[in-house]
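Right, one structure below, let's go through it.
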Amino acid sequence: MNTIKHISAINASSTPVCSICIANYNGINLLKGCLDAIRLQDCEFEFEIILHDDASTDESVHFVKTNYPEVEILVSQENVGFCVSNNRMAEIAKGEFILLLNNDAELFPDSLDTLYQYACQQKQAGILTLAQYDRATSQYIDFGSDLDIFLNPVPRHAYQDNNVATAYGACMWMPKQLWQKMEGFPEWFESVGEDLYLSVLAQYLGYSVEVPQHSGYWHWAGKSFGGGKLQNNKLVTTYKRRALSERNKTYVMLLLYPWYTFPLWILHCILLLVEGLVLSLILRNYTIWHQIYAKTCNEVILQIKQIYQERRALHCKYQLNSKKFFKRVSWFPYKLRLLLKYGIPHIK
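Here it is, written out as structure tokens:
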């Protein structure tokens, strides 16, 4: 049985407007930048900071407890993954809003105020995120993301409008009431793609996913989980990240896409298998096939009963409307665009 140790914060607010939730695993080298940026927030409302340590083997807990006593810490004795970590923090959060923040993300000084003021102006507060900048290079990364029809994120490289298709879990703001309505992250996702699930579900429920035009956050992209970024004009990822990404995108399609898109599910699976075979043959690396694509198919098949049950429960509980969502997606596969621009990705 997993034991959770609770280390209370010193002088914590009893009525915070926002609860900042930080999932951490062996992030001692990242936490100072993340927490210092929170201390520098220029806002007139109170907030709380909650950190869930996922059985780290470094000195993360001691470091935070010693240097940031205002942080409430949940210490897990077992590694439970990003989804469970955030669900635990959101459960004890006292704020009207919650902000899920990666330990490798550093907020701009006006980030919290920008998010709060924007949320207060919305007719119906939904999910918000901020423009993302690379901490290592200071370069602009994206202004939120759209999606292609197979749920691959398509980064916005310039401001178009505030509405986007998905927010990243590295910086994800929403009313706690909305989080509770959607019942948080699906814990069986483990990590990666959980933000996609909530973004799509929120839009099906009539809520928006938006990005304020101003402010942003710095991100040590790939530091907390590895891969998922450009290096020397080449796409770089890891076996684990790619496997979780492909699996969980498939889960989201099967859970939320309407029945009339069944041909898309079939096409998605065929393209996934072809992609795996082609990459494995071209690179002469059959580990790619076994650890990513075959593994994805196997895990989807093993979970098909749970997927069906979860899908049925979702569609019975909510009146889901996908029309607005599908108006926003691109029908051109984004992976093909990336292949033509950057070539075959490097998987390590």
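Using this note's numbering, the first residue of the sequence shown is number 309, and each one after it goes up by one.
Beta carbons: idealized from backbone N, C-alpha and C, even for Gly.
Enumerate in chain order the residues of its own chain whose CB-to-CB distance from residue i is below 6 Å, with the five nearest sequence positions on each side excluded.
i, result
"TRP526", "GLU414, TYR441 and ARG443"
"PHE633", "GLN511"
"LEU564", "VAL508"
"TYR642", "ASP456, ASN460 and VAL462"
"ARG555", "THR604 and GLU607"
"PRO483", "PHE405 and ALA433"
"GLY584", "TRP597 and TYR601"
"ILE312", "LEU382 and SER384"
"LEU587", "ILE596"
Determine the DSSP secondary structure at residue i, reduced to helix, strand or coil.
i, result
"TYR565", "coil"
"ASN332", "strand"
"THR365", "coil"
"GLN440", "strand"
"CYS326", "strand"
"CYS479", "strand"
"LEU455", "strand"
"ASN375", "helix"
"LEU513", "coil"
"LEU622", "helix"
"HIS465", "coil"
"SER321", "coil"
"ILE449", "strand"
"GLU554", "helix"
"GLN617", "helix"
"LEU628", "coil"
"VAL560", "helix"
"GLN611", "coil"
"LYS340", "helix"
"LYS431", "coil"
Ends of the alpha helix (DSSP H) at residue i?
i, result
"TRP573", "570-591"
"ILE400", "390-400"
"LYS542", "Careful: LYS542 lies outside any alpha helix (DSSP H), inside the beta strand (DSSP E) at 542-545."
"ASP350", "ASP350 -> no alpha helix (DSSP H), and no H or E assigned at all."
"PHE633", "631-636"
"TRP496", "No alpha helix (DSSP H) holds TRP496; DSSP gives it neither H nor E."
"GLN488", "484-490"
Span of the beta strand (DSSP E) holding residue i?
i, result
"TYR601", "Neither: TYR601 is in no beta strand (DSSP E) and is coded neither H nor E."
"PHE405", "405-410"
With DSSP as the reference, please indicate the residues paired to residue i in a beta bridge.
i, result
"LYS313", "VAL383"
"TYR525", "LEU415 and GLN440"
"ILE358", "CYS329 and GLU380"
"GLU518", "LEU436 and ASN471"
"ASP421", "Paired residues: none, contrary to the question."
"HIS654", "VAL544"
Output yes if chain B places a C-beta closer than 7 Å to the C-beta of residue i; else output no.
i, result
"TYR448", "Included in the structure is just one protein chain, with no chain B present."
Among the options, which one has its Cα closest to the Cα of residue i?
i, options, result
"THR604", "LYS613, ARG620, SER588 and CYS577", "CYS577"
"GLY452", "MET397, GLN485, ASN332 and ALA478", "ALA478"
"LEU420", "ILE328, ASN471 and THR474", "ILE328"
"TYR547", "HIS598, GLU583, TYR426 and LEU407", "HIS598"
"GLY403", "LYS431, GLN488 and PHE371", "GLN488"
"MET397", "GLU367, HIS360 and THR374", "HIS360"
"THR323", "VAL637, ASN337, GLN627 and ILE400", "ILE400"
"ARG592", "LEU648, ILE612, HIS654 and GLN617", "HIS654"
"GLY389", "ASN332, TYR376, TYR467 and ALA439", "ASN332"
"ASP469", "ARG636, LYS656 and CYS624", "ARG636"
"LEU622", "ARG347, GLU491, ILE590 and ARG645", "GLU491"
"LEU628", "ILE574, TRP567 and TRP573", "TRP567"
"GLY514", "LYS431, ILE346 and VAL586", "LYS431"
"SER446", "SER553, VAL372, ARG347 and TRP528", "TRP528"
"LEU343", "VAL369, TYR376 and ILE574", "TYR376"
"PHE458", "LEU647, ARG645, TRP639 and ILE652", "TRP639"
"LEU339", "ILE600, SER368 and ILE315", "SER368"
"TYR426", "ARG645, VAL372, TRP481 and ASP450", "TRP481"
"TYR273", "TYR467, GLN611, VAL519 and SER630", "Only positions 309 to 656 of the chain appear in this structure, which leaves residue 273 out of reach."
"ASP366", "ASN334, ILE330, LEU348 and THR374", "ASN334"
"LEU272", "TRP573, LEU409 and VAL372", "Since the first residue of the chain shown is 309 and the last is 656, residue 272 is not available in this structure."
"ASN471", "ALA345, ILE449, LEU438 and ASN411", "LEU438"
Whose C-beta lies closer than 7 Å to the C-beta of residue i among residues of the same chain, with five residues either side of it excluded?
i, result
"VAL392", "GLU495"
"HIS522", "THR422"
"GLU378", "ALA317, ILE318, ASN319, ALA320 and ILE357"
"ASP418", "ASP350 and SER523"
"GLY341", "GLU414"
"VAL325", "PHE353, GLU354, PHE355, GLY403, GLU404, PHE405 and TYR424"
"ALA363", "SER384, GLN385, GLU386 and ASN387"
"TYR613", "According to the sequence as given, residue 613 is Lys; it is not Tyr. So the list is empty, once near-sequence residues are dropped."
"HIS314", "LEU382"
Leaving out the 5 sequence neighbours to the left and right, which residues in its chain are closer than 8 Å to residue i when beta-carbon positions are compared?
i, result
"TYR505", "PHE493, PRO494, PHE497, ASN556, TYR559, VAL560, LEU563 and LEU564"
"THR474", "GLY452, SER453, ASP454, LEU455, PRO461, ASP503, LEU504, SER507, VAL508 and VAL517"
"TYR650", "LEU538, ASN541, LYS542 and LEU543"
"VAL500", "PHE390, PHE533, ARG549, LEU552, SER553 and ASN556"
"GLN611", "TRP496 and TYR559"
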